[in-house]
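Participant: Okay, handing you the structure first.
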Amino acid sequence: MSCVRCIWLGFTVHDAARLAPPPSSRCPAVSAERVSLTASCAAGGESMNPSAPSYPMASLYVGDLHQDVTEAMLYEKFSPAGAILSIRVCRDMITRRSLGYAYVNFQQPADAERALDTMNFDVIKGRPVRIMWSQRDPSLRKSGVGNIFIKNLDKSIDNKALYDTFSAFGNILSCKVVCDENGSKGYGFVHFETQEAAERAIEKMNGMLLNDRKVFVGRFKSRKEREAELGARAKEFTNVYIKNFGEDMDDDKLKDVFSKYGTAMSIRVMTDENGKSRGFGFVSFERHEDAQRAVDEMNGKELNGKLIYVGRAQKKVERQTELKRKFEQMKQDRMTRYQGVNLYVKNLDDGLDDERLRKEFSPFGTITSAKVMMDGGRSKGFGFVCFSSPEEATKAVTEMNGRIVATKPLYVALAQRKEERQAHLTNQYMQRMASVRAVPNPVINPYQPAPPSGYFMAAIPQVGWLSLGLSKKFEFRIFVEFKIKIHIRMQKRCIRISSVRQAALSVAHEMRRRCKCHCILMLLLAYPFEPTRCGADTLFIQNIADKENN
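Numbered by this note's numbering, the letters in the sequence shown go through residues 206 to 755 in order.
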């Protein structure tokens, strides 16, 4: 096992609280009293030790955490409840920022229950935390059994108030008021241990007043159920939306226009603070047939010199879903339409513009568009040419690829979607790494003593292996810097980084901010992410530095 891995397993809570590395690179023995603290989240907070017993009813989920809350803080908070096996704050793999929740695993279920009963909604760093049993079976969480939905909540009702209100009906597994940056969104969820408790809560609380507001309490419905209901409701709509009429429109005038289609329950023209029409309104009919006839006959008709839109009134969620569906459909249609006819052209001369690009490719067929990509008025060195048929595009690729235009030989190929390019690059990388690892390492000095047994020595790619059109010296310096930064990061922050992979991801993210070329991504791919020891990494970096100096 690697040094970094062992250091992680051997840290005590006091070591973690001080955030100081151990005095020796050798791995201390792991005692039963020690608590494993990690910087990443794995499957619901399970122990990283595969031989450790599982305590499904001794694991707590702690949510709504402040970004700065650490494992040491949580240990200090929860340790009075009983002996703790592990604590894990879940973090983003690249940025290392907290995701706002953690798992606390106790040795005894009774201790976990005590913490849940006495510490739920306690304040940590200015925020009340939400504690519940860790439910690792997603099918149970999503089944809807015992889960209820509450809406029309007053803004002042928070998680604790909702919990206190509904706890009278049974044991609560989880309770949450949904919030955004402006506070409560007016609805929430309560998950009871049993379906009977949920039904009692619905029977007693639906229609009751909470803080002078009449709340709706009902069975939780999955997204699929809600979408099915919306679809059925859409077919029997009675509420009609009208827009694009003038400022002189009022309720009475709108009634005169639509009353001929049937009995209207309500008619409303939306107005601004000055009482002027905002150009849209609603008519609610008694029967669906009347509403449908009004839409069919009035949509697109002229009213006071303007073409009006008349359609089924939709809720905000419905409109957003419909717009998203239309956007995805348009995107798919566009990709299908341009499949096989759009060419990618790179290595363009700086003086080449759209017209010159079109002129060079026009002999091969009808061009629907030709575009040189620009940045601040300067050519980025590549562009796209779209033909009217795949045959014309294929002919252009055959004839123009490698042809010198102005001063440079062109690279011409069929344009690919992002997913296709990534798959192609991944395939190339796998082939390249297979060939690199099959040959002896040319960088290591043959007279240098071999590293101690058990050390992993990564294969080093040849200088210039990136093939990105950059100078070999620049490629090599970037690679050296990448490796050195990983080494430094692992030495200084080994208590928070449990593998070389995490160190590499962190460094690549940092370097990407100032290096605009995509070689950083390729370097990240090329780094072999097997566990390695810091000592072997030092030899590895020294060999690279020696090679560069020579």
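Virtual Cβ for every residue (Gly too), placed ideally from N, Cα, C.
For Ala840, does the three-state DSSP call read helix, strand or coil?
Facilitator: Any answer about residue 840 is impossible in this case: the structure gives the chain only from 206 up to 755.
Participant: Which of the three DSSP states is assigned to Met262 in this structure?
Facilitator: Helix at Met262.
Participant: Threshold first: 3 residues or longer. Then list the beta strand (DSSP E) segments lying entirely within the stretch 555 to 640, N to C.
Facilitator: Listed in chain order, they are 572 to 580, 583 to 592, 616 to 619.
Participant: For a test of the three-state rule: what should DSSP assign to Arg332, helix, strand or coil?
Facilitator: Arg332 falls in the strand class under three-state DSSP.
Participant: Less than 8 Å between C-beta atoms, sequence neighbours within five positions excluded: which residues of the same chain meet that for Tyr392?
Facilitator: Phe354, Ile355, Lys356, Asn357, Leu358, Val382, Val383, listed in sequence order.
Participant: Let's see if you can read the secondary structure: which residues bound the beta strand (DSSP E) around Thr370?
Facilitator: Where Thr370 is concerned, there is no enclosing beta strand (DSSP E), although the alpha helix (DSSP H) it sits in stretches over 364 to 371.
Participant: Looking at C-beta atoms only, is the number of pairs between the stretch 458 to 474 and the stretch 486 to 504 that lie closer than 8 Å three or more?
Facilitator: They touch, by the three-pair rule.
Participant: Within 8 Å, do at least three Cβ pairs link the stretch 400 to 411 to the stretch 439 to 450?
Facilitator: No, the stretch 439 to 450 does not touch the stretch 400 to 411.
Participant: Roughly how many whole angstroms lie between the Cα atoms of Glu502 and Leu459?
Facilitator: Whole-angstrom Cα-Cα distance: 15 Å.
Participant: So Phe587 and Leu553 are supposed to be a Cβ contact under 8 Å. How far apart are they, rounded?
Facilitator: Confirmed, Cβ separation roughly 6 Å.
Participant: Are the stretch 260 to 273 and the stretch 326 to 343 in contact at 8 Å, needing three or more beta carbon pairs?
Facilitator: Counting Cβ pairs under 8 Å, three or more are found: they touch.
Participant: Using the Cα positions of Met324 and Ser482, report the straight-line distance between them to the nearest angstrom.
Facilitator: C-alpha separation (whole angstroms): 53 Å.
Participant: Of the residues Gly349, Gln497, Asp456, Glu452, which one's Cα is nearest the Cα of Phe425?
Facilitator: The option with the nearest alpha carbon to Phe425 is Gly349.
Participant: Does DSSP classify Thr780 as helix, strand or coil?
Facilitator: Coverage of the chain is limited to positions 206 through 755, which leaves residue 780 absent and any answer about it impossible.
Participant: Going by beta carbon distance, what residues of the same chain come within less than 7 Å of Lys678, once the five residues before and after it are set aside?
Facilitator: For Lys678, the predicted model reports a pLDDT of 49, less than 50, meaning its position is unreliable and no value from the coordinates is stated.
Participant: Leaving out five residues on either side along the sequence, give the residues of the same chain with a beta carbon under 7 Å from the beta carbon of Ala307.
Facilitator: Same-chain partners within the cutoff: Val267, Leu270, Leu279, Ile292, Arg293, Val294, Cys295.
Participant: Within the chosen definition, does the stretch 554 to 562 reach the stretch 513 to 523 through at least 3 CB pairs nearer than 8 Å?
Facilitator: Verdict: no, contact absent.
Participant: Does the Cβ of Phe532 have 16 or more other Cβ atoms within 10 Å, making it buried, or fewer, making it exposed?
Facilitator: Exposed, because fewer than 16 other Cβ atoms sit within 10 Å of the Cβ of Phe532.
Participant: Exposed or buried, Gly486, counting other C-beta atoms within 10 Å across all chains shown (16 or more means buried)?
Facilitator: Burial call: buried.
Participant: How do the stretch 585 to 601 and the stretch 565 to 572 stand: do at least 3 beta-carbon pairs fall below 8 Å, yes or no?
Facilitator: Yes, the stretch 585 to 601 is in contact with the stretch 565 to 572.
Participant: By DSSP, does Val354 sit in helix, in strand, or in coil?
Facilitator: Residue identity differs from the one stated: residue 354 is Phe in this sequence, not Val. Phe354: strand per DSSP, three-state reduction.
Participant: Measure how close the beta-carbons of Lys397 and Ile377 come, nearest whole angstrom, since I'm counting them as under 8 Å.
Facilitator: First, the residue type needs correcting, since residue 397 is Phe and not Lys in the sequence shown. At roughly 6 Å, the Cβ-Cβ gap stays under 8 Å, so Phe397 and Ile377 are in contact.
Participant: Express the C-alpha separation of Arg301 and Leu619 in angstroms, rounding to a whole number.
Facilitator: Taking the straight line joining both Cα atoms gives about 39 Å.
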